[in-house]
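Below you'll find the structure, written out as structure tokens, and then a few comments.
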Amino acid sequence: MYIGLDLGTSGLKAVLMSEDQAILAEATAPLEVNRPFDGWSEQAPASWLDACDAVMAALGAKAALGSVRAIGLSGHMHGATLIDKAGEVLRPCILWNDTRSAVEAAALDADPRFRAITGNIVFPGFTAPKLVWVQKHEPKVWAKVDKVLLPKDYLRFWLTGEAVAEMSDAAGTSWLDTGKRDWSDDLLAATDLSRAQMPRLVEGSEASGTVRADLATRWGLPAGVIVAGGGGDNAASGVGVGVVKKGQAFVSLGTSGVLFAASDAYQPDPATAVHTFCHALPNTWHQMGVILAAADAMNWFAHVLGSPSSALTGDLGPLRAPTRTLFLPYLGGERTPHNDAKIRASFLHLDHATDKAAMVRSVLEGVTHAIRDSYDALTSTGTQIDRLIAVGGGSKSDYWVKAIATSLNLPIELPVSGDYGGAFGAARLAFMAATGAGADVATLPKIDRVIDPDPTRSPAFAEAHQRYRAAYTALKGLN
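For what it's worth, my numbering labels the leading residue of the sequence shown as 1404, then goes sequentially.
This is how it looks when you write it as structure tokens:
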């Protein structure tokens, strides 16, 4: 059997997977985020260890764990967990959604080496600018930093005693040479750090160490359980949903939106605000367009109207061509393709004929246009998307999925119900690390049905998307 641990911002999830990739048991433990000041977002790493202990005990209560061969790790990216020479945590982890280091990020991004070597913009949420902030504002902490670990890699440090990271998560630090899949000494030196303060690197499907004997005894594991490299949350989800080869992609309609495509080539284009990271598998990369408000935009509007979003989207009927009404879903800024933290959401072209259903459709269309922006950004780099799978809560709306399929002119596949997230992907990476299996283990899920584009509506969606892009340009100066 194989275990996948997915360290999320709001909780840690564990799954127990059989040799034939059936989920035998699962467990979750909640986590809390601390926000001591505006723009700050922190978590106590000790809470991750307590959560891991809890979910392992819960799995053990549901199934005997004596046949477990390996554990895989997934987790939220970019967090800065600072360790001293004794292995003790120096301060709370600064999380991915912490924006205190915006000034430091802009300064690093102005150094052309960062985009050239990492293939990405230096975003405030990335790890490197957080360390510059610590050096500036917490010099006593800075002086004691012996290792910088990403969140899931601190969990690994506790599980194995080894300071190890893997390529997909390391690519979000702004210190990795993403093409060479190695730390960049130049970029580390630019932030007054060295390779000695970085964890050792492995691929996500490789072994990184074994579970400590005392923990194995506590949880009823056999001796020598391998801990796989694992993956950052989106890369692990890509493995979970089977998006591991060129041409494969998934669109996630969760709180935020992600268009994720696997690639066998490194094809960065930082100016598009596309994330170009290593995948969790060797010689593979992935690109992501990130939309900050996807289902969150519909949930916001549903809250304003005082109706459940499912009720608002469930009776829209067949797909209609967009009207003149536009919605720009920038409730908290936008990542791809604009990298614009100041832009805010807007309704445009409302008139006497605009009713509730028209406004609901315009919200769905606005997120659809944002996904089209990400699609255009990804494909402009040479990334190929031949097969697209929809996951996340928003994929339950056939109207929305039909709109996206029509806008992208791509059929969209809806998998049978199941969990294809980071924990399942981590368990698959554990399977690979223990058995030597390759990417073929990460099969695509069984498809329930396919939603095809509506060619009669495609020209109208293309025209509306052009107006949407022009609206952003016009409104940008007003923010």
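Note that the Cβ used here is the ideal one computed from N, Cα and C, for glycine as well.
Below 6 Å CB to CB, which residues in the same chain sit around Thr1771 once its five sequence neighbours on both sides are set aside? Here residue 1771 corresponds to residue number 368 of the sequence shown, with the count starting at 1. In its chain, beyond the 5 residues on either side, Ala1806, Ile1807, Ser1810 have a beta carbon closer than 6 Å to the beta carbon of Thr1771.
Among Tyr1405, Tyr1557, Asp1779, Ala1610, whose alpha-carbon lies nearest the alpha-carbon of Ala1447? Residue 1447 sits at position 44 when you count from the first residue of the sequence shown. Per the Cα distances, Tyr1557.
So, using beta-carbon positions, are Phe1653 and Gly1635 closer together than 9 Å? Working through the sequence shown from its first residue, we reach residue 1653 at position 250. Working through the sequence shown from its first residue, we reach residue 1635 at position 232. Note that the C-beta distance between Phe1653 and Gly1635 is not below 9 Å.
Ordered along the chain, which non-local residues of its own chain (more than five positions away) have a Cβ less than 7 Å from that of Cys1455? Translated into the one-based positions of the sequence shown, residue 1455 becomes position 52. So the qualifying residues of the chain are Leu1408, Leu1415, Leu1558.
Best match in Ser1608, Val1844, Gly1796, Gly1769 for proximity to Leu1656 [C-alpha to C-alpha]: Numbered from 1 along the sequence shown, position 253 holds the residue referred to as residue 1656. Taking only the C-alpha atoms, the option nearest Leu1656 is Gly1796.
Look at the Cβ atom of Leu1731, then the Cβ atom of Tyr1823, and state whether they are nearer than 9 Å. As a first step, residue 1731 must be located in the sequence shown, where it is residue number 328. As a first step, residue 1823 must be located in the sequence shown, where it is residue number 420. Going by C-beta atoms, Leu1731 is not nearer than 9 Å to Tyr1823.
Return the first residue and the last residue of the alpha helix (DSSP H) that Met1835 is part of. Numbered from its first residue, the sequence shown carries residue 1835 at position 432. For Met1835, the enclosing alpha helix (DSSP H) begins and ends at 1825-1838.
Assign Gly1564 to buried or exposed, taking buried as 16 or more other Cβ atoms, counted over all protein chains shown, within 10 Å of its Cβ. Here residue 1564 corresponds to residue number 161 of the sequence shown, with the count starting at 1. Burial call: exposed.
May I have a chain-ordered list of the beta strand (DSSP E) segments no shorter than 3 residues that lie completely inside the stretch 1440-1483? Counting only runs of 3 or more residues that sit fully inside the stretch 1440-1483, the beta strand (DSSP E) segments are 1473-1478, in chain order.
Which full runs of the alpha helix (DSSP H) of 4+ residues lie inside the stretch 1631-1719, going along the chain? Runs found: 1636-1644, 1698-1708, 1712-1716.
Does the stretch 1578-1596 come within contact of the stretch 1492-1503, defined as at least 3 CB pairs closer than 8 Å? Taking 8 Å as the limit for Cβ pairs, the verdict is that the stretch 1492-1503 does not touch the stretch 1578-1596.
I need the straight-line Cα distance from Thr1576 to Thr1530, nearest angstrom please. In the sequence shown, counting from the first residue as 1, residue 1576 sits at position 173. In the sequence shown, counting from the first residue as 1, residue 1530 sits at position 127. Rounded to the nearest angstrom, the two C-alpha atoms are 5 Å apart.
Following the continuous alpha helix (DSSP H) through Arg1621, name the residue where it begins and the one where it ends. Working through the sequence shown from its first residue, we reach residue 1621 at position 218. Boundaries of the alpha helix (DSSP H) harbouring Arg1621: 1616-1622, taken from the DSSP string.
Considering Arg1852, what are the terminal residues of the beta strand (DSSP E) in which it resides? As a working note, residue 1852 is residue 449 in the sequence shown. Looking at the DSSP string, the run of the beta strand (DSSP E) that includes Arg1852 is 1850-1854.
Mark Leu1427 as exposed unless 16 or more other C-beta atoms lie within 10 angstroms of its C-beta, in which case mark it buried. For this step, residue 1427 is matched to residue 24 along the sequence shown. That one is exposed.
Once the 5 residues before and after Val1458 are set aside, which same chain residues still bring their CB inside 8 Å of it? Position 55 of the sequence shown, counting from 1, holds the residue named residue 1458. Result list for Val1458: Leu1408, Leu1415, Lys1416, Ala1417, Ala1430, Thr1431, Ala1432, in chain order.
Segment contact, 8 Å Cβ cut-off, at least three pairs: the stretch 1704-1712 with the stretch 1832-1849: No, the stretch 1704-1712 does not touch the stretch 1832-1849.
Proximity below 9 Å, CB of Ala1574 to CB of Phe1680: As a working mapping, residue 1574 is identified with position 171 in the sequence shown. As a working mapping, residue 1680 is identified with position 277 in the sequence shown. The Cβ atoms of Ala1574 and Phe1680 lie closer than 9 Å to each other.
Cβ-Cβ distance between Ala1700 and Leu1419 below 9 Å: What you label residue 1700 is simply residue 297 of the sequence shown in a count that begins at 1. What you label residue 1419 is simply residue 16 of the sequence shown in a count that begins at 1. No, Cβ-Cβ distance for Ala1700 and Leu1419 is not below 9 Å.
Considering only the beta carbon of each residue, do Ile1497 and Val1537 sit closer than 9 Å? By 1-based counting over the sequence shown, the position of residue 1497 is 94. By 1-based counting over the sequence shown, the position of residue 1537 is 134. Going by C-beta atoms, Ile1497 is nearer than 9 Å to Val1537.
My understanding is that Val1794 touches Val1644, with C-beta atoms under 8 Å, so please give their C-beta distance in whole angstroms. Mapped onto the sequence shown, residue 1794 falls at position 391. Mapped onto the sequence shown, residue 1644 falls at position 241. Yes, they are in contact, since the Cβ atoms of Val1794 and Val1644 sit about 6 Å apart, within 8 Å.
Considering only the beta carbon of each residue, do Pro1602 and Gly1478 sit closer than 9 Å? Within the sequence shown, the letter at position 199 stands for residue 1602. Within the sequence shown, the letter at position 75 stands for residue 1478. The criterion of a C-beta distance shorter than 9 Å is not satisfied by Pro1602 and Gly1478.
Which same chain residues, not among the five before or five after Asn1882, have their C-beta less than 7 Å away from its C-beta? What you label residue 1882 is simply residue 479 of the sequence shown in a count that begins at 1. Excluding positions up to five away in sequence, the list reads Lys1745, Ile1746, Arg1747.
By the three-class DSSP mapping on this structure, what secondary structure does Trp1545 have? The sequence position of residue 1545 within the sequence shown is 142, counting from 1. In this structure, DSSP gives Trp1545 a helical state, which the three-state scheme calls helix.
Are the beta-carbon atoms belonging to Ala1610 and Ala1638 less than 9 Å from one another? In the sequence shown, the residue the question calls residue 1610 occupies position 207. In the sequence shown, the residue the question calls residue 1638 occupies position 235. It is not a contact, given that the beta carbons lie outside the stated cut-off.
Can you look up Met1601 in the DSSP assignment and give me helix, strand or coil? Position 198 of the sequence shown holds residue 1601. Of the three classes helix, strand and coil, the one that applies to Met1601 here is coil, per DSSP.
Per DSSP, Pro1818 forms a beta bridge with which residues? Taking the sequence shown and counting its residues from 1, the one referred to as residue 1818 is at position 415. Bridge partners of Pro1818: Ile1850.
Are the Cβ atoms of Tyr1802 and Leu1722 separated by less than 9 Å? By one-based count along the sequence shown, residue 1802 stands at place 399. By one-based count along the sequence shown, residue 1722 stands at place 319. Taking the C-beta atoms as reference points, Leu1722 is found nearer than 9 Å to Tyr1802.
Among Arg1438, Ala1842, Leu1493, nearest to Trp1688 - alpha-carbon criterion: Within the sequence shown, the letter at position 285 stands for residue 1688. Nearest option by C-alpha distance: Ala1842.
With the cut-off set at 9 Å, would you say Val1661 and Val1693 are in Cβ contact? Indexing the sequence shown from 1 puts residue 1661 at position 258. Indexing the sequence shown from 1 puts residue 1693 at position 290. It is a contact, given that the beta carbons lie within the stated cut-off.
Nearest to Leu1813 by alpha carbon, out of Ala1826, Lys1799, Tyr1778, Val1844? Here residue 1813 corresponds to residue number 410 of the sequence shown, with the count starting at 1. Comparing Cα-Cα distances from Leu1813 to each of Ala1826, Lys1799, Tyr1778, Val1844, the minimum goes to Tyr1778.
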